[in-house]
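A short worksheet on the structure shown next.
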Amino acid sequence: MNQHILARRAFAAACTAALLLSPALSHAQPASGKPNKVVLQVSEGDAKKWGLALNNAYNVQNDLGADTTDLEIVVYGPGIGMLKSDSPVAGRIASAMKGGIKVVACENTLAAQKLAKADMLPDIGYVPAGVVELMQKQQQGYAYIRP
Amino acid sequence: MNQHILARRAFAAACTAALLLSPALSHAQPASGKPNKVVLQVSEGDAKKWGLALNNAYNVQNDLGADTTDLEIVVYGPGIGMLKSDSPVAGRIASAMKGGIKVVACENTLAAQKLAKADMLPDIGYVPAGVVELMQKQQQGYAYIRP
Amino acid sequence: MNQHILARRAFAAACTAALLLSPALSHAQPASGKPNKVVLQVSEGDAKKWGLALNNAYNVQNDLGADTTDLEIVVYGPGIGMLKSDSPVAGRIASAMKGGIKVVACENTLAAQKLAKADMLPDIGYVPAGVVELMQKQQQGYAYIRP
């Protein structure tokens with residue numbers, strides 16, 4: 001093996017090492033996924049805030065494009081009414097989910113308020129704890145917005 | 001070319017690669033700029049909140065120094081009244097901008113509320129979408145504060 | 001020194017460089033500490049919000065375990081009543097601190113509201129400026145939650 005090949009192999013190995021090491025050292029930007037990531041918190045029992053949260057999500061998606069943007073709305077605590085069957089924004093939530101926006105409810109809140117999944121809008125997702133989800137998404141590089 | 005020079009070149013190239021690759025893998029800390037970065041969200045139609053947001057910005061600047069701190073206040077949605085010509089905090093905003101605090105209004109909000117730039121305070125900045133600005137600042141390593 | 005050893009040394013040096021450089025380029029994940037970090041903001045003069053903030057902190061701790069989770073509640077501005085001697089949530093704050101949740105009050109707020117530490121709950125911590133604390137925790141990789 002000549003010197004030139006050896007040196008090029010050392011360089012290639014070092015580049016691989018840099019690539020492998022860097023994600024382990026930073027949660028802020030995972031190696032895969034869409035470049036724009038936003039998690040929105042809904043935790044208030046105020047229907048105006050529910051509309052604003054949906055507006056915020058749409059504005060991000062419209063400006064940056066659904067194909068480059070991961071959006072998730074996390075609903076918990078007094079905000080849970082946003083996702084009940086009789087929600088005043090039920091139609092807008094169905095549209096948002098059809099457009100690729102993820103909408104999840106907190107199972108802790110359901111238990112605390114004695115709600116069953118049958119009381120909730122169809123097709124939404126669930127997470128064990130809304131606040132833990134908000135933390136983990138930030139660890140994964142999501143920007144946090146509280147409308 | 002001798003072995004020693006080849007190996008040193010491989011090392012230098014690998015260091016350069018590490019430097020070039022790392023920023024691409026993490027948005028959390030750009031290579032340039034001031035060490036302290038804060039973006040503040042104003043999205044409520046409540047003049048008390050406008051005063052609190054300005055207090056928050058001043059407290060960061062006073063404690064850390066204007067020369068080491070980038071501060072930006074992003075105003076959108078129901079908060080937009082903070083930046084209209086008749087804003088009750090117009091004088092404080094002028095002082096904040098003079099002190100190096102950036103203040104920007106959301107053009108989406110202006111359109112939705114049929115406001116023209118002539119209706120707004122002079123010298124403020126504009127962004128296409130407040131919520132996108134808040135996301136991008138966080139990607140650039142700004143801490144997010146919602147007063 | 002033969003070619004093989006030289007190339008391996010270049011590779012090892014490059015790996016070291018990648019390791020040394022990466023942390024300097026990212027504040028989002030410090031090398032030490034617990035893997036889960038959350039800072040909660042309390043800045044509203046609304047006792048319901050104080051209860052919600054404590055619920056949020058407990059939910060994170062219950063789900064992830066106190067030994068893997070750093071939790072800090074930063075109280076400032078109109079929220080300061082949460083930490084006054086006559087706080088309606090005084091008992092819950094004592095329990096939270098006993099359980100390892102850090103609770104800190106903003107000294108700027110104390111000065112502005114002419115409060116002394118003797119007016120406050122015992123055993124709480126203090127920071128010079130609540131909003132600076134919130135910024136710095138985010139720089140250290142804490143997720144931010146505003147209940």
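Protein chains in written order, with the working numbering: chain A, 1 to 147; chain B, 1 to 147; chain C, 1 to 147.
We put the beta carbon where it would ideally sit given N, CA and C, even for glycine.
{"Query": "Beta-carbon separation (whole angstroms), residue 37 of chain C vs residue 142 of chain C, contact threshold 8 Å", "Result": "4 Å"}
{"Query": "Neighbour flag for residue 134 of chain B against chain C, beta carbons, 8 Å", "Result": "no"}
{"Query": "Residue-chain proximity (residue 129 of chain B, chain A), Cβ-Cβ < 8 Å", "Result": "yes"}
{"Query": "Other residues of its chain near residue 132 of chain C: CB distance less than 6 Å, five sequence neighbours each side excluded", "Result": "none"}
{"Query": "Simplified DSSP assignment, three categories, for residue 86 of chain A", "Result": "coil"}
{"Query": "Contacts that residue 108 of chain C makes with chain B (C-beta to C-beta distance below 7 Å)", "Result": "59"}
{"Query": "Interface residues of chain B facing residue 140 of chain C [CB-CB closer than 9 Å]", "Result": "Correct list: empty, because the minimum Cβ distance to chain B is about 10 Å."}
{"Query": "Residue range of the alpha helix (DSSP H) that includes residue 109 of chain B", "Result": "107-112"}
{"Query": "Distance between residue 104 of chain A and residue 98 of chain A (C-alpha atoms, nearest Å)", "Result": "14 Å"}
{"Query": "Assigned exposure category for residue 67 of chain B - 16 Cβ within 10 Å defines buried", "Result": "exposed"}
{"Query": "Length of the line joining the Cα atoms of residue 72 of chain A and residue 58 of chain A", "Result": "11 Å"}
{"Query": "Residue 54 of chain B in three-state terms, based on DSSP", "Result": "helix"}
{"Query": "Cβ-heavy atom distance, residue 88 of chain B to the ligand NAP, below 7 Å", "Result": "In terms of ligand content, the structure shown is empty, and the ligand NAP therefore cannot be addressed."}
{"Query": "Residue 89 of chain A versus residue 81 of chain A - alpha carbon distance", "Result": "10 Å"}
{"Query": "Rounded separation between residue 62 of chain C and residue 94 of chain B - CA only", "Result": "46 Å"}
{"Query": "Neighbouring residues, chain B, relative to residue 144 of chain A (Cβ below 8 Å)", "Result": "138, 144"}
{"Query": "Local Cβ density within 10 Å of residue 147 of chain A, reported as buried at 16 or more and exposed below that", "Result": "buried"}
{"Query": "Where the stretch 36-54 of chain A meets chain C: residues whose CB sits under 8 Å from a CB there", "Result": "41, 43"}
{"Query": "Classification of residue 65 of chain B by the beta-carbon crowding that lies within 10 angstroms, buried from 16 upward", "Result": "exposed"}
{"Query": "First and last residue of the uninterrupted beta strand (DSSP E) at residue 139 of chain A", "Result": "Looking at the DSSP string, residue 139 of chain A is not in any beta strand (DSSP E); the run it does join, the alpha helix (DSSP H), is 130-139."}
{"Query": "Under 7 Å from the C-beta of residue 147 of chain A: neighbouring residues of chain B", "Result": "43"}
{"Query": "Residue-chain proximity (residue 56 of chain A, chain B), Cβ-Cβ < 8 Å", "Result": "yes"}
{"Query": "Cβ neighbours of residue 120 of chain A in the same chain (closer than 7 Å, five flanking residues each side left out)", "Result": "83, 84, 85, 105"}
{"Query": "Other residues of its chain near residue 154 of chain A: CB distance less than 7 Å, five sequence neighbours each side excluded", "Result": "Residue 154 of chain A is absent from the model: chain A starts at 1 and stops at 147."}
{"Query": "Which residues DSSP lists as bridging residue 40 of chain B, in chain order", "Result": "B:73, B:145"}
{"Query": "Expected contact under 8 Å - CB spacing of residue 91 of chain C and residue 45 of chain C to nearest Å", "Result": "Actually they are not in contact, since the Cβ atoms of residue 91 of chain C and residue 45 of chain C sit about 20 Å apart, beyond 8 Å."}
{"Query": "Contacting residues, own chain, Cβ-Cβ under 7 Å from residue 126 of chain C (five flanking each side not counted)", "Result": "104, 105, 107"}
{"Query": "Spatial neighbours of residue 124 of chain A in its chain, beta-carbon cut-off 7 Å, leaving aside the 5 residues before and after", "Result": "83, 103, 104, 105"}
{"Query": "Contact set for residue 52 of chain C: own chain, Cβ-Cβ below 6 Å, skip 5 residues either direction", "Result": "147"}
{"Query": "Exposure of residue 47 of chain C, with buried meaning 16 or more beta-carbon neighbours within 10 Å", "Result": "exposed"}
{"Query": "Contacting residues, own chain, Cβ-Cβ under 6 Å from residue 76 of chain A (five flanking each side not counted)", "Result": "43, 106, 109, 130"}
{"Query": "Supposed contact pair residue 134 of chain B and residue 74 of chain B - C-beta distance, whole angstroms, cut 8 Å", "Result": "6 Å"}
{"Query": "Residues near residue 115 of chain A by beta carbon distance below 6 Å, same chain, minus five either side", "Result": "none"}
{"Query": "Given residue 69 of chain B as reference, the closest of B:49, B:55, B:33, B:54 once Cα atoms are compared", "Result": "B:33"}
{"Query": "Range covered by the beta strand (DSSP E) that runs through residue 125 of chain A", "Result": "125-127"}
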